[in-house]
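Quick note, our numbering runs 2 ahead of the 1-based positions in the sequence shown. Worksheet: one structure, shown below.
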Amino acid sequence: MTSETETNTGGWELKTSRRWLADAVELLSSMRFAISLLTLISIASIIGTVLKQNEPMPNYVNQFGPFWFEVFAKFNLYGLYSTWWFLLIMTFLVISTSLCLIRNAPKMLKDMRSWRENVREQSLRNFHHKAEWQTKLSRVELTTQTIARIAAHGYKSKVVAKENATLIAAKQGAANKWGYIFAHSSIIIICIGGMLDSELPIRIQKLIYDKTSFSGNGVIAQIPAQHRLGVGNPTFRGNTLIPEGSSSSTAIIPQQDGVLIQDLPFTIQLKRFVIDFYSTGMPKLFASDVVVTDHENGKVFAATIKVNEPLIYRGVAVYQSSFEDGGSKLKLAGYPMQGVGHTSFTMQGEVGNTSPLDADKGGDYTVEWSGFRPFNIENMAQNGQDVRAVNPNKNFMASSLDKHLGSAAKTANNKDLKNVGPSMQYKLRDKNGQAREYSNYMQPVLVDDAYVFLAGVRDSPSEPFRFLRIPADDNDTVEEWMRLRAAILNPDLRALAAQRYAKRALPTARTDASELRAQLQASSLKGLTIFGGDTEEAGYIAVSKFLEKIPEQDQEKAADIFMKILNGSLWDLWQVAREKDGLKPIEADEKHGRFLQLATNAFSDAFFYGAPVYLQLQGFDEVKASVLQVTRSPGKNIVYFGCLLLVLGVFSMFYIRERRLWIWIKSEADGGSHALMAVSSQRKTLDFEKEFEVLKQQLLQSAPERH
Numbered sequence: 003m004t005s006e007t008e009t010n011t012g013g014w015e016l017k018t019s020r021r022w023l024a025d026a027v028e029l030l031s032s033m034r035f036a037i038s039l040l041t042l043i044s045i046a047s048i049i050g051t052v053l054k055q056n057e058p059m060p061n062y063v064n065q066f067g068p069f070w071f072e073v074f075a076k077f078n079l080y081g082l083y084s085t086w087w088f089l090l091i092m093t094f095l096v097i098s099t100s101l102c103l104i105r106n107a108p109k110m111l112k113d114m115r116s117w118r119e120n121v122r123e124q125s126l127r128n129f130h131h132k133a134e135w136q137t138k139l140s141r142v143e144l145t146t147q148t149i150a151r152i153a154a155h156g157y158k159s160k161v162v163a164k165e166n167a168t169l170i171a172a173k174q175g176a177a178n179k180w181g182y183i184f185a186h187s188s189i190i191i192i193c194i195g196g197m198l199d200s201e202l203p204i205r206i207q208k209l210i211y212d213k214t215s216f217s218g219n220g221v222i223a224q225i226p227a228q229h230r231l232g233v234g235n236p237t238f239r240g241n242t243l244i245p246e247g248s249s250s251s252t253a254i255i256p257q258q259d260g261v262l263i264q265d266l267p268f269t270i271q272l273k274r275f276v277i278d279f280y281s282t283g284m285p286k287l288f289a290s291d292v293v294v295t296d297h298e299n300g301k302v303f304a305a306t307i308k309v310n311e312p313l314i315y316r317g318v319a320v321y322q323s324s325f326e327d328g329g330s331k332l333k334l335a336g337y338p339m340q341g342v343g344h345t346s347f348t349m350q351g352e353v354g355n356t357s358p359l360d361a362d363k364g365g366d367y368t369v370e371w372s373g374f375r376p377f378n379i380e381n382m383a384q385n386g387q388d389v390r391a392v393n394p395n396k397n398f399m400a401s402s403l404d405k406h407l408g409s410a411a412k413t414a415n416n417k418d419l420k421n422v423g424p425s426m427q428y429k430l431r432d433k434n435g436q437a438r439e440y441s442n443y444m445q446p447v448l449v450d451d452a453y454v455f456l457a458g459v460r461d462s463p464s465e466p467f468r469f470l471r472i473p474a475d476d477n478d479t480v481e482e483w484m485r486l487r488a489a490i491l492n493p494d495l496r497a498l499a500a501q502r503y504a505k506r507a508l509p510t511a512r513t514d515a516s517e518l519r520a521q522l523q524a525s526s527l528k529g530l531t532i533f534g535g536d537t538e539e540a541g542y543i544a545v546s547k548f549l550e551k552i553p554e555q556d557q558e559k560a561a562d563i564f565m566k567i568l569n570g571s572l573w574d575l576w577q578v579a580r581e582k583d584g585l586k587p588i589e590a591d592e593k594h595g596r597f598l599q600l601a602t603n604a605f606s607d608a609f610f611y612g613a614p615v616y617l618q619l620q621g622f623d624e625v626k627a628s629v630l631q632v633t634r635s636p637g638k639n640i641v642y643f644g645c646l647l648l649v650l651g652v653f654s655m656f657y658i659r660e661r662r663l664w665i666w667i668k669s670e671a672d673g674g675s676h677a678l679m680a681v682s683s684q685r686k687t688l689d690f691e692k693e694f695e696v697l698k699q700q701l702l703q704s705a706p707e708r709h
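This is the structure we're talking about:
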């Protein structure tokens, strides 16, 4: 009894496990499961399209804020296409489609070969599209004639002998089934090819061989083996930067927590980087003349890599991606932006390296030279952005001063693209590790009908540069502006300038000139002091704060008087500063009046520039570097083949219609014959209706009726 019970229990468990397996296979191969997976992939693809992938993490923090940055990071949305859950969805889609194909493809292939000759006369009468006729032709004659007629319509036929009858079974468009097979096979092939070219092989190597990302600094050749991928790595996509005259045998593969070093089977030496331009000054050609040395057999050959013309060697494709600076040598002049000094100092820099900024030259800072461009094709309407625009304290009173002095915040009118010459980019990092990024142009640029030096600043790489405009003097330098800037901050020169302004503004012939001159001198000194920033604020912001203390009905009149006194005082201050340096006075004309106006605006804006020094490019020795994208993608050809199958499959399903035709012919007692025709199709369309009518009429007309 116990043995029988155990046997029954074991059989029940076996049936249950089989039923569970069958249900799982049924679910995985079902249409609803595949559609659910495709829906998830579509949603993920939309997210990956809207959200830029593989950007530096600080960019995402600045864009979404700390909270949402952490939320999105939990789901790895910043590298979505290589996440474990996206690859898992792709894997399930391959399994689902494969099971569906395994279950249905044999049936379809069998049905394609089948003639479906096991039909009965009565079942043919139940078809919607059918026809009957009688003829004096014998059964054999009618059969022969009918086969010829339907063959003219593209039908292949088979004659089957039935009891007291002959069945003609015909078919056309059976290849329609291949459309289903090709379409489903293409999904499998494309997914497999995509996963081969994804980070899946690298993830497997990390898991099996304990490969880890490298997040430090150092010489590439000295990076340990746990951060390197061998030449046998089946798939990768990395970049390598090669300065002119240098070589590289590795590629850098970015990872979220650092980089991996990919060893290449050859060394690439950059002999020369070539860049060509259109007549407008825009680049039209990037090309790298390289020499390749094979590590295995020592083969050496020259090649030229251009955009859309990659070098393909030993399964590795090398594309011309972009170009960078390869360590250009920069010669600079530094000007203090704080204090009463304006004496410049010389400085050297090399792109990619750092230089200390001594305390006597602006403070305890480090200059990180991040970029150099020998030419810049710019839209000057965009370069006209003002640093002051970022100031949250700017109000209506400050902006109303524009009608008196003009504003550096006005947008440039010239929207033509122009080459505005060389520029350099660098970061100033303080002792606490905080840094701002700067971009300064070497030559003065014409903006709003005046030549100015553009000095850009931004707080993070995700922001656009905002530009301070320093007016160019008669010698196309920043010397005069630097002299005026220092004078405004010098209390002794301000006092002397106020005295001179009062004397110049009030003739000595007046009896009350002494008292009025003293009042005007005091007003002038107060205006220069407010504008110079002896308080926490300076420039137009300080002026507007001062004017806000005046009753509202008197503010406009007070602003007019204040700005007239300030303008006159600044002119005398400029002359005093030049005399102090042993220079001749400036001629009072429209040109120099315009310069003083722009210089005043720049002084006000300079408080938001946020740098202790202004570094101006004086000369350079350019070193170019080519950025090459190095890829090995074995799945590419697999994906191409899958796309071909997809096209063939879609074409077959939409443009090839399967039709089945049966004609049942039996003999009559008078020697004639009777025919019953039935036709079926997958899709009932107007074309099929027309085709059926034409075929029916031709078969009826070809068979002479009995009388």
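Beta carbons are placed, not taken as given, at the ideal position from N, Cα and C, and that holds for glycine. Predicted model only: the values in this text are computed from it and were never measured.
Under the three-state DSSP convention, the category residue i falls into
{"i": "A335", "result": "strand"}
{"i": "Q700", "result": "helix"}
{"i": "H594", "result": "helix"}
{"i": "V96", "result": "helix"}
{"i": "R496", "result": "helix"}
{"i": "F77", "result": "coil"}
{"i": "H186", "result": "helix"}
{"i": "W664", "result": "strand"}
{"i": "W70", "result": "helix"}
{"i": "V480", "result": "coil"}
{"i": "P203", "result": "helix"}
{"i": "Y443", "result": "strand"}
{"i": "F303", "result": "strand"}
{"i": "D360", "result": "coil"}
{"i": "P60", "result": "helix"}
{"i": "Q684", "result": "coil"}
{"i": "I640", "result": "helix"}
Cut-off 7 Å between Cβ atoms - residues of its own chain near residue i, not counting five sequence neighbours on either side
{"i": "W620", "result": "Residue identity check: residue 620 is Gln in the sequence provided, not Trp. Once the five neighbours on either side are set aside, the close Cβ partners of Q620 are K333, L334 and A335."}
{"i": "P256", "result": "N56"}
{"i": "A107", "result": "I183"}
{"i": "G328", "result": "P245, E246, V625, K626 and A627"}
{"i": "P636", "result": "L198, P236 and T237"}
Rounded separation between residue i and residue j - CA only
{"i": "A163", "j": "L169", "result": "6 Å"}
{"i": "H676", "j": "R141", "result": "8 Å"}
{"i": "M484", "j": "D366", "result": "21 Å"}
{"i": "G674", "j": "Q700", "result": "19 Å"}
{"i": "A544", "j": "G535", "result": "7 Å"}
{"i": "L354", "j": "Y428", "result": "Before going on, a small fix: residue 354 reads as Gly here, not Leu. Between G354 and Y428, the C-alpha separation is close to 10 Å."}
{"i": "N61", "j": "D432", "result": "21 Å"}
{"i": "A171", "j": "L103", "result": "28 Å"}
{"i": "Q631", "j": "N241", "result": "4 Å"}
{"i": "Q271", "j": "F653", "result": "48 Å"}
{"i": "K158", "j": "Q147", "result": "14 Å"}
{"i": "K698", "j": "K686", "result": "16 Å"}
{"i": "W576", "j": "G435", "result": "38 Å"}
{"i": "Y642", "j": "I192", "result": "8 Å"}
{"i": "C645", "j": "S38", "result": "22 Å"}
{"i": "E695", "j": "E660", "result": "17 Å"}
Sequence-distant residues of the same chain with beta carbon closer than 8 Å to residue i, five excluded per side
{"i": "L101", "result": "V27, L30 and S31"}
{"i": "A504", "result": "R519, A520, L522, Q523 and S526"}
{"i": "G651", "result": "W180, G181, Y182, I183, F184, A185, H186, S187 and S188"}
Residue i, buried or exposed, once every other Cβ within 10 Å from all chains shown has been counted against 16
{"i": "P553", "result": "exposed"}
{"i": "T99", "result": "buried"}
{"i": "T4", "result": "Residue confidence is low: T4 scores 48 on pLDDT, short of 50, so the model does not pin down where it sits. Its coordinate-derived value is still stated next. By the neighbour-count rule (16 or more Cβ atoms within 10 Å), T4 is not buried but exposed."}
{"i": "I189", "result": "buried"}
{"i": "S324", "result": "exposed"}
{"i": "W22", "result": "exposed"}
{"i": "F656", "result": "exposed"}
{"i": "V221", "result": "exposed"}
{"i": "Q124", "result": "exposed"}
Same chain only: Cβ atoms within 6 Å of residue i, ignoring 5 sequence neighbours per side
{"i": "F467", "result": "S441, G458 and R460"}
{"i": "E482", "result": "D475"}
message = Report the start-end ranges of each beta strand (DSSP E) in the region 500–579 that is 3 residues or longer and not cut off at the edges.
response = none
Those runs of the beta strand (DSSP E) which lie wholly inside the region 215–251 and span at least 3 residues = 238–245
Beta strand (DSSP E) runs contained entirely in the region 305–331, provided each spans 3 or more residues = 313–315 and 318–327
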